[in-house]
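These notes concern the structure reproduced below.
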Amino acid sequence: MSHTILVTGATGTVGSELVLALANRGVTVRAGVHSIIKGDRFSHITSGVQLVEMDFHKPETLHVALTGVERVFMITPFTDDQVAISKQFIDIARQTGVRQLVRLSAAGAEAEPGIQLGRWHRDIEKHLEQSGLAYSILRPSSFMQNFVEQYSESIRHESKFYLPLGEAKVAYIDVRDIAAVAATILTADINQYNGQAYTLTGPAALSGQEVAQAIGQARGQAVGYVDVPEVAARQAMAQLPAWMTDALLELHAISKAGYAADTTPTVQELTGHAPHTIEQFAHDYQRHFQPAS
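The sequence shown begins at 1 in the UniProt record's numbering and counts up by one.
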């Protein structure tokens, strides 16, 4: 068995950072991508990254991607059948001789009865726990990078972003810290973190106004946060499937109720460095927030 590590969802927000983090450690990484063309973002890495096309809905591609790897970082597509395809992936990983699987879950997945997304994540976690594989589970809070992926257009064009969160605070985490934790676990002794679930957060719980202030300072022009009612948020998501809209609004609702404000010291404890602050994030990503010309 080789020491190659498979990262699924390798071109995504977390996956791409983990591929870089592992490559920087000299690890051989197999980057699972839906299309080899998308893997071009790793072309600047001169060695250590192998691209493999994989589709969670095509088991034959999973067998190819998993064969010959020792460890896996598992990111599941955001689909309404994610439980079924995740369980299938875990089963194939076991069949192909994978020894360790680290899964990206979500903060609050352990809550009972929890929200729909949490129940899906917990169902997958339980299957992993019973798989016989060495495993670790990462449960991050909401990503700082969501402000790039989802809200940068309104920030650039309107100097504001919209969220149905009221005055609630959220302990947003920078995905670079998730990648650092994952890289630590995946390059340690397989048994060191076996059987553990870690809730990962940023260093502070932040209101919408505080996020807006940090982004505004970084780009040199004020940014506003606009609280919107749920009905308006639902209308803004009209192009999404109904199940996805319901799941996202439920997630916003528990955040608005204050359930996403707790912080943990886990990033510091596992990586030896403090998690990125919102100010550091805003500075590093300021090019995405500059006013549209």
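Using N, Cα and C, we set each Cβ at its ideal position, and we do this for glycine too.
Quantities reported herein were computed from a predicted structural model and do not represent experimental measurements.
Item to complete: For Lys256, write down the residues that DSSP places opposite it in a beta bridge.
Response: Paired residues: none, contrary to the question.
Worksheet entry | Those runs of the beta strand (DSSP E) which lie wholly inside the segment 219 to 272 and span at least 3 residues | 224 to 227
Worksheet item: When the Cα of Met244 is compared with those of Gln116, Phe143, Tyr225, Gly68, which residue comes out closest?
Response: Gln116
Fill in: Same chain, Cβ closer than 7 Å to Leu20, neighbours up to 5 away in sequence not counted
none
Worksheet item: Looking at the unbroken alpha helix (DSSP H) that takes in Ser136, where does it start and where does it end?
Response: Counting along the chain, Ser136 falls outside any alpha helix (DSSP H), though it belongs to the beta strand (DSSP E) covering 134 to 140.
Item to complete: Leaving aside the five residues before and after Thr8 along the sequence, list all residues of the same chain whose C-beta is less than 6 Å from its C-beta, in chain order.
Response: Gly32, Met74, Ile75
Fill in: Gly15: first and last residue of the uninterrupted alpha helix (DSSP H) it sits in
13 to 24
Discussion item. Tell me the rounded alpha-carbon separation between Val102 and Glu153.
Written reply: 33 Å
Worksheet item: Out of Ala93, His273, Ile215, Leu62, which has the shortest C-alpha to C-alpha gap to Leu133?
Response: Ala93
Worksheet entry | Whole-angstrom distance between Ser141 and Ile155, CA atom to CA atom | 22 Å
Worksheet item: Is it right to say Met1 is buried, meaning 16 or more other beta carbons lie within 10 angstroms of its own, or is it exposed?
Response: With a pLDDT of 44 at Met1, under the threshold of 50, the predicted position of this residue should be treated as unreliable, though the coordinate-derived value follows. With fewer than 16 other Cβ atoms within 10 Å, it is exposed.
Practice prompt. Give me whichever residues DSSP pairs with Met74 in a beta bridge.
Written response: Arg103
Worksheet entry | Counted within 10 angstroms of its Cβ, other Cβ atoms place Glu125 as buried (16 or more) or exposed | buried
Worksheet item: Based on the DSSP secondary-structure assignment, which residues constitute the bridge partners of Gln173?
Response: Note on identity: in this sequence residue 173 is Ile, with Gln being the wrong assignment. In the DSSP output, where bridge partners are listed per residue, Ile173 has Phe143.
Worksheet item: Considering only residues of the same chain and omitting the five flanking positions on each side of Ala247, which have a CB-CB separation below 8 Å?
Response: Ile115, Gln116, Leu117
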